[in-house]
Amino acid sequence: MNQLPIVNLSGYRFVSLKEAQLPQMRVDIKTKAAECNLKGTILLSREGINAFLAGTRENSDAFVNYLRNIPEFANLHFKESFTDYQPFNRMLVRLKKEIIPMNKENVNPEKKTAPYVSPEELKQWYAEKRDMIVLDTRNDFEVALGTFENAVDLHIAHFREFNDAVDLLPPESKEKTVVTFCTGGIRCEKAAELMAQKGFKNVYQLDGGILNYFEKCGGDFYNGECFVFDQRVAVNSALQETDAKQCFDCRTPLQNNAIKDGKCPHCGSKSISKQAA
3 MNQLPIVNLS
13 GYRFVSLKEA
23 QLPQMRVDIK
33 TKAAECNLKG
43 TILLSREGIN
53 AFLAGTRENS
63 DAFVNYLRNI
73 PEFANLHFKE
83 SFTDYQPFNR
93 MLVRLKKEII
103 PMNKENVNPE
113 KKTAPYVSPE
123 ELKQWYAEKR
133 DMIVLDTRND
143 FEVALGTFEN
153 AVDLHIAHFR
163 EFNDAVDLLP
173 PESKEKTVVT
183 FCTGGIRCEK
193 AAELMAQKGF
203 KNVYQLDGGI
213 LNYFEKCGGD
223 FYNGECFVFD
233 QRVAVNSALQ
243 ETDAKQCFDC
253 RTPLQNNAIK
263 DGKCPHCGSK
273 SISKQAA
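Sequential numbering of the sequence shown, starting at 3, is according to the working numbering.
This is the structure in structure tokens:
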């Protein structure tokens, strides 16, 4: 049993919510989160919920049970990791147009999304040296800290750029097996379906993303760390916080050996620390 006192939760669900119900839902969820002394960020939109939270086991369980008693969130699943401190500074519940911005109205993961490949299956495909494209859908600064072996990096600064970037892949890519992945899976719910609409014939998404892969398969066929959007900055394949830091000015995550004279090698700033979340 893990002895670290703080449970870090990440989870999402694509489910249709009515515009009229969102303001009161936001108030109710924020009130309950405060009662449970949780910190983090919850995004609500007409397409569902996306949440990153942290608190004690007792409080986290109470809040998750509360959310699952909301009919639309009955099947909401959370991934867990653990720290000895609270990695968020405050509790935010925000209303957004999308829970993961893509600006493509014809992509609706609740109605249709690409098939999943489990972490164990992906590991097996690597071991078999299967002819496949493993596609990183994350932002370039995330990829810089770590990614899967031979993964294709689209060099995007924001997920909204994915639509145009994927059009630059070689035409023969549409005939190959493509496995998309991201941190926790939410981006691939949209990315993989968009690729299918664009004519990619055999596209999958890694179930639960990198974090689920780490939990199930460790670091096999993965090089480096995984960026996370809280004060930890990055976790290793054991889901433990690393010594990675982040530049507060240019937001680039940095490994210690890249920091010279206390300066960010990208912008020269000395404002380097753990991320303020």
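Backbone N, C-alpha and C define an ideal beta-carbon position, used for all residues, glycine too.
Check your understanding: In chain order, what residues of the same chain have a beta carbon less than 6 Å from the beta carbon of Gly-186, not counting five sequence neighbours either side?
Key -> Ser-12, Gly-211, Leu-213
Point to revise | Assumed close pair Val-109, Tyr-206 - CB separation to whole angstroms, cut-off 8 Å | key: With a Cβ gap of about 16 Å, Val-109 and Tyr-206 do not count as contacting.
**Study point:** Segment limits, alpha helix (DSSP H) that includes Asn-61
**Key:** 59-70
Review point. Mapping DSSP to helix, strand and coil, what is Gln-277?
Key: Low confidence applies to Gln-277: its pLDDT is 49, below 50, so where it sits in the model is not reliable enough to give any reading.
Review point. Are at least three pairs of beta-carbons, each pair with one atom in the region 189-207 and one in the region 146-159, less than 8 Å apart?
Key: no
Exercise for review: Compute the beta-carbon to beta-carbon distance between Ile-51 and Leu-78, rounded to the nearest angstrom, for a pair I have assumed lies under 8 Å.
Suggested key: 7 Å
Check your understanding: What does DSSP give as the partner residues of Tyr-136 in its beta bridges?
Key -> Residue identity differs from the one stated: residue 136 is Val in this sequence, not Tyr. Val-181.
Point to revise | Spatial neighbours of Leu-24 in its chain, beta-carbon cut-off 7 Å, leaving aside the 5 residues before and after | key: Leu-46, Leu-97
Review point. Taking the continuous alpha helix (DSSP H) assigned at Arg-189, which residues delimit it?
Key: 188-199
Point to revise | Nearest-angstrom beta carbon gap, Phe-65 and Cys-38 [assumed within contact, 8 Å] | key: 4 Å
Exercise for review: Could you spell out where the beta strand (DSSP E) holding Gln-207 opens and where it closes?
Suggested key: 204-208
Review point. With C-beta atoms as the reference, is Val-181 less than 8 Å away from Val-136?
Key: yes
Practice item. State the Cα-Cα distance for the pair Cys-228 and Gly-42, rounded to the nearest angstrom. Key: 19 Å
Check your understanding: DSSP three-state call for Cys-219: helix, strand or coil?
Key -> helix
**Study point:** Chain-order list of residues whose beta-carbon lies under 8 Å from that of Leu-40 (same chain, five-residue window excluded)
**Key:** Leu-55, Ala-56, Gly-57, Asn-61, Ser-62, Phe-65, Met-93
Review point. Does DSSP put Met-27 in a helix, in a strand, or in coil?
Key: helix
Exercise for review: Take Gly-220 and list the residues in its own chain whose beta-carbon comes closer than 8 Å to its own, dropping the five residues that flank it on each side.
Suggested key: Ser-239, Ala-240
Practice item. Give me the Cβ distance between Leu-208 and Phe-183, rounded to the nearest whole Å; I'm assuming they're in contact under 8 Å. Key: 4 Å
Check your understanding: With distances taken from CA atoms, which of Phe-223, Gln-233, Ile-8 is nearest Trp-127?
Key -> Phe-223
Practice item. Check whether the Cβ atoms of Ala-146 and Phe-164 lie closer than 8 Å to each other. Key: no
**Study point:** Proximal residues to Ala-116 (C-beta, below 7 Å), its chain only, five neighbours per side dropped
**Key:** Ala-194, Glu-195, Ala-198, Val-205, Tyr-206, Gln-207
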